[in-house]
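Protein chains in written order, with the numbering used here: chain F, 67 to 524; chain P, 67 to 524.
The next block holds one structure in the form of structure tokens; read it before the comments.
Number of protein chains: 2
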Amino acid sequence: MRKLFLITASFIVAAASFAQKEDSIMIRRISDEVLTNGKAYDNLRYLTKQIGGRLAGSPGMVKAEKWGFKTMSESGADKTWLQECMVPHWVRGGKDEVKTIFTGKGAAIPKTLDVIALGNSMGSGSKGVKAEVLLVNSFNDLEEKKDQVKGKIVFYNYKFNPTYVTTFLSYRDAGQYRGQGPSRAAKYGALAVIVRSMSHSTDNNPHTGATRYDSLYEKIPAVAIGLRDADWLDLNLQKGKVMVQLKTNGHFLPDTIGHNVIGELKGTEFPDEIITIGGHLDSWDNCEGAHDDGAGSVQTMEVLRALKAVGYQPKRTIRFVLFANEENGLRGGIKYAEEAKAKNEKHIFAIESDAGGFTPRGLGFTVSDEQFKKVLGWKELIAPYGCSEFTKGGGGADIGPLNKELGTPMGSLNPDTQRYFDIHHSRNDVFEAVNKRELELGAVNMAALIYLIDKYGL
Amino acid sequence: MRKLFLITASFIVAAASFAQKEDSIMIRRISDEVLTNGKAYDNLRYLTKQIGGRLAGSPGMVKAEKWGFKTMSESGADKTWLQECMVPHWVRGGKDEVKTIFTGKGAAIPKTLDVIALGNSMGSGSKGVKAEVLLVNSFNDLEEKKDQVKGKIVFYNYKFNPTYVTTFLSYRDAGQYRGQGPSRAAKYGALAVIVRSMSHSTDNNPHTGATRYDSLYEKIPAVAIGLRDADWLDLNLQKGKVMVQLKTNGHFLPDTIGHNVIGELKGTEFPDEIITIGGHLDSWDNCEGAHDDGAGSVQTMEVLRALKAVGYQPKRTIRFVLFANEENGLRGGIKYAEEAKAKNEKHIFAIESDAGGFTPRGLGFTVSDEQFKKVLGWKELIAPYGCSEFTKGGGGADIGPLNKELGTPMGSLNPDTQRYFDIHHSRNDVFEAVNKRELELGAVNMAALIYLIDKYGL
Chain F
67 MRKLFLITAS FIVAAASFAQ KEDSIMIRRI SDEVLTNGKA YDNLRYLTKQ
117 IGGRLAGSPG MVKAEKWGFK TMSESGADKT WLQECMVPHW VRGGKDEVKT
167 IFTGKGAAIP KTLDVIALGN SMGSGSKGVK AEVLLVNSFN DLEEKKDQVK
217 GKIVFYNYKF NPTYVTTFLS YRDAGQYRGQ GPSRAAKYGA LAVIVRSMSH
267 STDNNPHTGA TRYDSLYEKI PAVAIGLRDA DWLDLNLQKG KVMVQLKTNG
317 HFLPDTIGHN VIGELKGTEF PDEIITIGGH LDSWDNCEGA HDDGAGSVQT
367 MEVLRALKAV GYQPKRTIRF VLFANEENGL RGGIKYAEEA KAKNEKHIFA
417 IESDAGGFTP RGLGFTVSDE QFKKVLGWKE LIAPYGCSEF TKGGGGADIG
467 PLNKELGTPM GSLNPDTQRY FDIHHSRNDV FEAVNKRELE LGAVNMAALI
517 YLIDKYGL
Chain P
67 MRKLFLITAS FIVAAASFAQ KEDSIMIRRI SDEVLTNGKA YDNLRYLTKQ
117 IGGRLAGSPG MVKAEKWGFK TMSESGADKT WLQECMVPHW VRGGKDEVKT
167 IFTGKGAAIP KTLDVIALGN SMGSGSKGVK AEVLLVNSFN DLEEKKDQVK
217 GKIVFYNYKF NPTYVTTFLS YRDAGQYRGQ GPSRAAKYGA LAVIVRSMSH
267 STDNNPHTGA TRYDSLYEKI PAVAIGLRDA DWLDLNLQKG KVMVQLKTNG
317 HFLPDTIGHN VIGELKGTEF PDEIITIGGH LDSWDNCEGA HDDGAGSVQT
367 MEVLRALKAV GYQPKRTIRF VLFANEENGL RGGIKYAEEA KAKNEKHIFA
417 IESDAGGFTP RGLGFTVSDE QFKKVLGWKE LIAPYGCSEF TKGGGGADIG
467 PLNKELGTPM GSLNPDTQRY FDIHHSRNDV FEAVNKRELE LGAVNMAALI
517 YLIDKYGL
């Protein structure tokens with residue numbers, strides 16, 4: 067009996083070891099394919115240099131969808147389609163301007179600040195807003211100064227915290243000033259808002275991103291300024307009064323039609339079980355959207371291309387999705403989940419790459435404890451390609467609705483975060499900031515995970 | 067008895083846990099200090115922009131030593147000194163040139179290639195070398211073509227292997243063509259050598275680096291060309307004959323005096339036990355030496371500055387060393403070990419940062435199994451700052467002699483490797499390629515390790 071047990075145990079160990087080896091070989095083949103014949107970098111060059119900025123509703127996004135459909139098909143999808151959804155149509159409407167027109171005694175020479183209106187923000191009107199600036203260092207500080215706010219332009223100079231090693235923690239911390247800042251200032255009668263950019267950069271580029279007005283208060287204009295100008299303004303406000311003339315032109319046109327671009331590899335054994343991998347195709351209008359999220363888009367199609375190139379036939383159905391509207395509405399992600407729910411689809415896992423095309427470090431998982439234990443068992447297979455940090459917690463804005471509506475387990479590719487907020491939503495989020503191999507390795511690591519989940523389930 | 071045992075066990079666990087917490091707090095303080103008040107980035111700006119290239123023996127290196135001495139003192143060393151050593155004095159001697167002067171029927175228009183002479187290589191003489199190019203893809207290929215080599219210029223077009231995830235493996239693989247290529251071609255009568263640059267870059271910058279002549283054969287001129295020119299040359303050689311006119315001017319002047327810059331914090335409990343941390347101050351002449359190894363130099367001084375800033379008083383003696391001559395002679399590292407041996411110093415550990423100022427990923431260790439087990443016990447304390455990959459094997463060129471001569475256990479900071487060979491030894495190894503936080507986090511991780519080794523020994 068004991069002998070039989072030992073024989074059985076040996077057999078199981080041998081079988082497991084054989085499977086492990088087979089998986090290791092397959093992942094190596096995928097990696098070699100991507101690092102040798104990868105198309106992600108060239109695809110990203112086209113998307114950024116030939117198409118460029120592509121906010122939902124813009125001509126750029128229409129071009130990007132056409133390109134995405136063609137590139138998805140060429141990457142080897144069994145079937146490619148456009149999933150229609152209504153998207154918001156915010157336009158910047160012209161050049162954003164902030165000029166200091168008077169600074170107190172002994173203050174620096176007036177100057178034009180380098181600014182950009184926050185996404186979804188309302189323009190100032192053609193006359194602009196001319197008012198004194200009130201320096202506010204935090205929401206607590208705002209509450210303390212609430213009686214001084216009326217008729218002023220509130221300048222939130224909240225610093226991006228340098229002590230968090232993971233820069234997304236600094237973003238979560240400071241991001242509330244961009245999101246809630248305008249309405250919280252409007253509550254006390256502010257005429258407009260200037261926010262310090264959410265960035266660790268050493269340059270002066272301003273960083274945009276969506277703001278969210280609270281419908282209770284007036285929708286006042288809001289801009290971001292770069293870090294050097296923020297420090298300059300701070301300094302001058304400590305010396306004396308600073309008046310500024312602010313002009314922005316943002317407004318919404320009626321909602322329009324956008325599309326998620328979806329490619330599919332049909333499962334051979336369990337076609338009804340769906341695995342989704344995606345990034346978002348839209349970007350802000352002030353940049354090429356190379357890291358955010360051209361990277362995730364081309365990585366998604368590279369995973370498809372590589373799986374086909376190595377001849378892998380998935381057991382389950384794999385969907386490759388370029389989402390329509392992450393930046394200022396999330397309508398693409400919502401639509402994808404709605405349709406999945408309406409059709410009663412069985413989604414077993416979804417992963418998103420939307421943290422930049424930087425060198426991969428880890429994979430994050432919003433899954434059950436049991437599922438996490440299972441993915442941890444694959445760590446040794448994936449770690450040699452960069453993702454050696456497997457952590458609980460992870461997902462993405464676009465796949466969030468799938469998780470929320472259908473309870474789909476989700477994950478994220480976690481690239482290194484140090485450089486991300488240097489370029490995020492600013493004019494230097496361009497192709498040149500992306501490294502070819504870092505981008506490719508992101509695709510390799512996601513492909514490896516998708517392969518394992520497809521083969522073994524989750 | 068059992069109760070006593072339990073109480074004792076609890077006490078030990080509690081004490082260990084208390085120590086762990088104390089260490090965690092200290093490392094956090096060091097990290098906050100570096101990420102908030104760090105001087106590494108500004109120091110690197112000065113070194114690269116005000117001093118620039120600094121090959122051993124050059125005026126740049128003399129300036130760098132003076133700056134290093136001053137900056138080391140200002141960073142808080144108890145004592146700073148210059149350790150004299152003789153260094154080689156190779157000079158480029160002028161502009162390196164390679165012009166294609168004839169290409170076969172149907173070939174592209176002749177052009178000037180973007181080249182750089184290999185470090186330590188001998189110039190062609192004022193007339194230059196004019197000869198036909200022989201394409202060779204590997205040393206095996208060279209052996210097969212050995213009868214065709216005489217009177218030709220051998221072009222080693224060996225590709226940097228894209229499938230290694232760690233780019234240093236590709237470098238080790240391809241690097242032999244730069245090191246041994248000239249002499250192996252000279253053996254069969256080649257007049258000069260052109261090597262494909264050791265790089266994954268997407269640009270055409272040529273990458274230099276030291277070659278090593280075999281004294282048995284003639285010291286023929288040798289240059290590197292960028293990847294685009296290499297592909298162009300390859301293509302044209304497949305179409306027909308290509309003649310080139312090659313001119314280089316490299317030569318050695320008599321050895322001259324260089325210095326290691328050494329700063330020290332004297333140990334309070336075990337002053338005779340020495341821990342060394344260093345980088346090399348010299349760089350190639352064709353760049354600013356920002357990543358290689360300005361980064362390691364300023365990180366070394368940042369560790370010193372941060373330990374002082376948080377008020378840490380080391381038990382053991384910590385030496386901070388800017389080595390004099392890593393690139394083309396290693397005389398600084400050799401001198402440091404020689405003097406340590408002559409003085410019978412007890413060196414318990416040495417670590418070097420010489421793999422670029424990129425985001426830290428791991429620490430490598432050339433230590434005993436028992437010591438490795440000990441450092442593995444510290445992984446959870448260091449991993450939150452980036453170095454989550456602890457591996458066997460590690461060290462650095464400059465601390466190698468210390469390991470060899472005194473058996474000193476050694477380690478290396480292992481930053482991400484993807485971007486390193488895009489810029490290594492080429493004109494784009496400049497300040498702008500370094501990210502402030504990535505550079506700083508390298509210092510944080512080394513400081514954490516040094517702190518733990520100092521506190522607990524190794």
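Ideal Cβ placement from N, Cα and C applies to all residues, glycine included.
Point to revise | Rounded C-alpha distance that separates Ser190 of chain F from Gly118 of chain F | key: As a working mapping, residue 190 of chain F is identified with position 124 in the first sequence. As a working mapping, residue 118 of chain F is identified with position 52 in the first sequence. When rounded, the distance between both Cα atoms is 27 Å.
Point to revise | Straight-line Cα distance separating His490 of chain F from Leu370 of chain P | key: Position 304 of the second sequence, counted from the start, is the residue given in the question as residue 370 of chain P. Position 424 of the first sequence, counted from the start, is the residue given in the question as residue 490 of chain F. Roughly 33 Å separates the two Cα atoms.
Check your understanding: Taking the alpha-carbon positions, what's the Phe168 of chain P to Leu101 of chain F distance?
Key -> As a working note, residue 168 of chain P is residue 102 in the second sequence. As a working note, residue 101 of chain F is residue 35 in the first sequence. Their backbone Cα atoms lie some 35 Å apart in a straight line.
Exercise for review: Using alpha carbons as the reference points, say which of P:Lys313, P:Ala509, P:Cys453, P:Asn511 lies closest to Ser192 of chain P.
Suggested key: Taking the second sequence and counting its residues from 1, one reaches residue 192 of chain P at position 126. Among P:Lys313, P:Ala509, P:Cys453, P:Asn511, the Cα nearest to that of Ser192 of chain P is on P:Lys313.
Practice item. Check the Cβ-Cβ distances between Gln149 of chain P and every residue of chain F, and say whether any is below 8 Å. Key: Taking the second sequence and counting its residues from 1, one reaches residue 149 of chain P at position 83. Taking Cβ atoms only, chain F never reaches closer than 8 Å to Gln149 of chain P, which makes this a no.
Practice item. Please confirm if Gly430 of chain P has its CB atom under 8 Å from at least one CB of chain F. Key: On the second sequence, position 364 is the one that residue 430 of chain P refers to. No, no contact with chain F.
Practice item. Assign Met67 of chain P to one of three DSSP states: helix, strand, or coil. Key: Here the question's residue 67 of chain P lines up with position 1 in the second sequence. Because the pLDDT at Met67 of chain P is just 46, under 50, the model does not fix this residue reliably, and the value given afterwards should be weighed accordingly. Here Met67 of chain P sits in coil by DSSP.
**Study point:** Exposed unless 16 or more other CB atoms sit within 10 angstroms - verdict on Asn515 of chain P
**Key:** One-based indexing of the second sequence puts residue 515 of chain P at position 449. The residue you asked about is not Asn; residue 515 of chain P is Leu in the sequence shown. So Leu515 of chain P ends up on the buried side.
Review point. Around the Cβ of Thr383 of chain F, are there at least 16 other Cβ atoms within 10 angstroms (buried) or fewer (exposed)?
Key: Position 317 of the first sequence, counted from the first residue, corresponds to residue 383 of chain F. It is buried - the Cβ of Thr383 of chain F has at least 16 other Cβ atoms within 10 Å.
Check your understanding: Are any of the Cβ atoms in chain P nearer than 8 Å to that of Tyr517 of chain F?
Key -> Taking the first residue of the first sequence as position 1, residue 517 of chain F is located at position 451. Chain P, which has no Cβ nearer than 8 Å to the Cβ of Tyr517 of chain F, makes this no.
Practice item. Starting from the beta carbon of Arg493 of chain P, find every residue of chain F whose beta carbon is closer than 8 Å, and list them in chain order. Key: The sequence position of residue 493 of chain P within the second sequence is 427, counting from 1. Taking a Cβ-Cβ cut-off of 8 Å, Arg493 of chain P has no neighbours in chain F, whose nearest Cβ is about 16 Å from it.
Practice item. Just the C-alpha distance for Ile343 of chain P and Thr474 of chain F, rounded to the nearest angstrom, thanks. Key: In the second sequence, the residue the question calls residue 343 of chain P occupies position 277. In the first sequence, the residue the question calls residue 474 of chain F occupies position 408. Computed Cα separation, rounded: 49 Å.
Point to revise | Residue range of the unbroken alpha helix (DSSP H) whose run includes Phe135 of chain P | key: Looking up residue 135 of chain P in the second sequence gives position 69. Run containing Phe135 of chain P: 125-140, per the alpha helix (DSSP H) assignment.
Point to revise | Contact list for the segment 80-102 of chain P against chain F, Cβ threshold 8 Å | key: Taking 8 Å as the upper bound on Cβ-Cβ separation, chain F lies near residues Ser97, Asp98, Leu101, Thr102 of the segment 80-102 of chain P.
Review point. Does the beta carbon of Glu418 of chain P sit closer than 8 Å to a beta carbon anywhere in chain F?
Key: For the purposes of this step, residue 418 of chain P is taken as residue 352 along the second sequence, with counting starting at 1. Not one chain F Cβ lies under 8 Å of Glu418 of chain P.
Practice item. Please classify Glu99 of chain F: does DSSP put it in a helix, a strand, or coil? Key: The residue labelled residue 99 of chain F in the question sits at position 33 within the first sequence. Glu99 of chain F: helix per DSSP, three-state reduction.
Review point. What first and last residue would you give for the alpha helix (DSSP H) that runs through Asp348 of chain P?
Key: Within the second sequence, residue 348 of chain P is the residue found at index 282, counting from 1. From DSSP, Asp348 of chain P is part of no alpha helix (DSSP H); its letter is neither H nor E.
Exercise for review: Tell whether a beta-carbon distance below 8 Å holds between Asp464 of chain P and Gly398 of chain P.
Suggested key: If you number the second sequence from 1, residue 464 of chain P lands on position 398. If you number the second sequence from 1, residue 398 of chain P lands on position 332. Contact flag set, yes.
Practice item. Show which residues of chain F have a CB atom less than 7 Å away from the CB atom of Asp482 of chain P. Key: Here residue 482 of chain P is taken as the residue at index 416 of the second sequence, counted from 1. Thr425, Asp482, listed in chain order.
Point to revise | Beta-carbon proximity of Tyr112 of chain P to Trp133 of chain P, cut-off 8 Å | key: Numbered from its first residue, the second sequence carries residue 112 of chain P at position 46. Numbered from its first residue, the second sequence carries residue 133 of chain P at position 67. Trp133 of chain P sits close to Tyr112 of chain P, with the two beta carbons spaced by under 8 Å.
Practice item. Assuming Lys216 of chain F and Tyr254 of chain F form a contact by the criterion Cβ under 8 Å, report the distance between their Cβ atoms to the nearest whole angstrom. Key: Taking the first residue of the first sequence as position 1, residue 216 of chain F is located at position 150. Taking the first residue of the first sequence as position 1, residue 254 of chain F is located at position 188. Yes, they are in contact, since the Cβ atoms of Lys216 of chain F and Tyr254 of chain F sit about 6 Å apart, within 8 Å.
Review point. Do Thr137 of chain P and Met309 of chain P have their CB atoms nearer than 8 Å?
Key: Taking the first residue of the second sequence as 1, we reach residue 137 of chain P at position 71. Taking the first residue of the second sequence as 1, we reach residue 309 of chain P at position 243. The answer is no: Cβ separation not under 8 Å.
Review point. Between Ser492 of chain P and the rest of its own chain, which residues show a CB-CB distance below 6 Å, the 5 nearest in sequence each way excluded?
Key: Within the second sequence, numbered from 1, the residue matching residue 492 of chain P stands at position 426. Cβ within range, chain order: Asn271, His273.
Review point. Can you round the beta-carbon distance between Leu208 of chain P and Arg250 of chain P to whole angstroms, since I take them to be within the 8 Å contact cut?
Key: Indexing the second sequence from 1 puts residue 208 of chain P at position 142. Indexing the second sequence from 1 puts residue 250 of chain P at position 184. At roughly 6 Å, the Cβ-Cβ gap stays under 8 Å, so Leu208 of chain P and Arg250 of chain P are in contact.
Check your understanding: For the segment 248-275 of chain P, which residues have a beta carbon sitting closer than 7 Å to at least one beta carbon of chain F?
Key -> Within the segment 248-275 of chain P, those residues whose Cβ lies closer than 7 Å to any Cβ of chain F are, in chain order, His266, Thr268.
Review point. With a CB to CB cut of under 6 Å and the five nearest residues on each side skipped, what residues in its chain are close to Val445 of chain P?
Key: Looking up residue 445 of chain P in the second sequence gives position 379. Checking the sequence, you will find Lys at residue 445 of chain P rather than Val. Hits under 6 Å: Phe456.
**Study point:** Leu331 of chain P versus Pro450 of chain P: straight-line alpha-carbon distance, rounded
**Key:** Position 265 of the second sequence, counting from 1, holds the residue named residue 331 of chain P. Position 384 of the second sequence, counting from 1, holds the residue named residue 450 of chain P. Each residue's alpha carbon lies about 27 Å from the other.
Check your understanding: Quick one: Cα of Lys211 of chain P to Cα of Val202 of chain P, how far?
Key -> Here residue 211 of chain P is taken as the residue at index 145 of the second sequence, counted from 1. Here residue 202 of chain P is taken as the residue at index 136 of the second sequence, counted from 1. Going by C-alpha positions, Lys211 of chain P is about 8 Å away from Val202 of chain P.
**Study point:** Short-range partners of chain P found in the segment 441-470 of chain F, where Cβ spacing is below 9 Å
**Key:** Here the close residues are Ala449, Pro450, Tyr451, Gly452, Ser454, Glu455.
Review point. Can you find at least 3 beta carbon pairs, one from the segment 401-419 of chain F and one from the segment 82-95 of chain P, that sit closer than 8 Å?
Key: Output reads no: the segment 82-95 of chain P does not touch the segment 401-419 of chain F.
Exercise for review: Using a cut-off of 7 Å between C-beta atoms, extract the partners of Glu504 of chain F located in chain P.
Suggested key: What you label residue 504 of chain F is simply residue 438 of the first sequence in a count that begins at 1. Per Cβ cutoff of 7 Å: Gln484.
Exercise for review: Anything in chain P within Cβ reach of Ile507 of chain F, meaning under 8 Å, just list it in chain order.
Suggested key: Locating residue 507 of chain F in the first sequence gives position 441, where the first residue counts as 1. Checking the sequence shown, residue 507 of chain F turns out to be Leu, not Ile. Proximity of chain P to Leu507 of chain F at the Cβ level (cut-off 8 Å) is accounted for by Val231, Gln484, in chain order.
Practice item. Can you grab the Cα-Cα spacing for the pair Lys553 of chain F / Gly428 of chain P, in whole Å? Key: Nothing can be reported for residue 553 of chain F, as the shown portion of chain F is limited to 67 through 524.
Check your understanding: What is the DSSP secondary structure of Glu436 of chain P, reduced to helix, strand or coil?
Key -> As a working note, residue 436 of chain P is residue 370 in the second sequence. Of the three classes helix, strand and coil, the one that applies to Glu436 of chain P here is helix, per DSSP.
Practice item. For Asn186 of chain F, I'd like the list of residues in its chain whose CB is within less than 6 Å of its CB, leaving aside the five on either flank, ordered along the chain. Key: In the first sequence, counting from the first residue as 1, residue 186 of chain F sits at position 120. Excluding positions up to five away in sequence, the list reads Trp156, Ala276, Thr277, Asn394.
Review point. Do you know whose CA, among F:Asn103, F:Leu235, F:Pro380, F:Ala421, lies nearest Ile519 of chain F's CA?
Key: One-based indexing of the first sequence puts residue 519 of chain F at position 453. The option with the nearest alpha carbon to Ile519 of chain F is F:Pro380.
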